[in-house]
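Residue numbers (our numbering): 1152 to 1244. For glycine and all other residues, C-beta sits at the position ideal for the given N, C-alpha and C. Being a predicted model, the structure only gives us computed values, none of them experimental.
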């Protein structure tokens, strides 16, 4: 086994779920510039924001939920509109 390949600089980090604001304080090596207070223990931690976590993921919650974080549906509809003109001309055959 290789030695000294695992990080040693773990520290508590506040992970905030952007979907519903759920907070988790977990040891991590992630580098962040943002800091904030935890609602549970009122201590300051480095903050890392996530789009989805176990608190909001449909697999863990059992609820179906539409997630359109990056506007994928709108981009798809725009591409479809460009590819399929609205007025179709009938061809004689």
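- Put simply, the backbone Cα of residue 1182 is about 45 angstroms away from that of residue 1235.
- With contacts defined by Cβ atoms closer than 8 angstroms, residue 1176 and residue 1197 do not form a contacting pair.
- In this structure, the CA atom of residue 1201 is about 11 angstroms from the CA atom of residue 1171.
- In the DSSP assignment, residue 1212 falls within the alpha helix (DSSP H) that extends over 1209 to 1212.
- By the criterion of a C-beta distance shorter than 8 angstroms, residue 1207 is surrounded in its chain by 1168, 1170, 1171, 1173 and 1216, once the five residues flanking it on both sides are discounted.
- Setting aside the 5 residues that flank it on each side, residue 1160 is surrounded in the same chain by 1180, each with a C-beta closer than 8 angstroms to its C-beta; the list follows chain order.
- Residue state for residue 1176 is assigned as strand, using DSSP reduced to three classes.
- In the DSSP assignment, residue 1226 falls within the unbroken alpha helix (DSSP H) covering 1223 to 1234.
- The shortest CA-to-CA distance from residue 1191 to any of 1158, 1166, 1224 and 1230 is the one to 1166.
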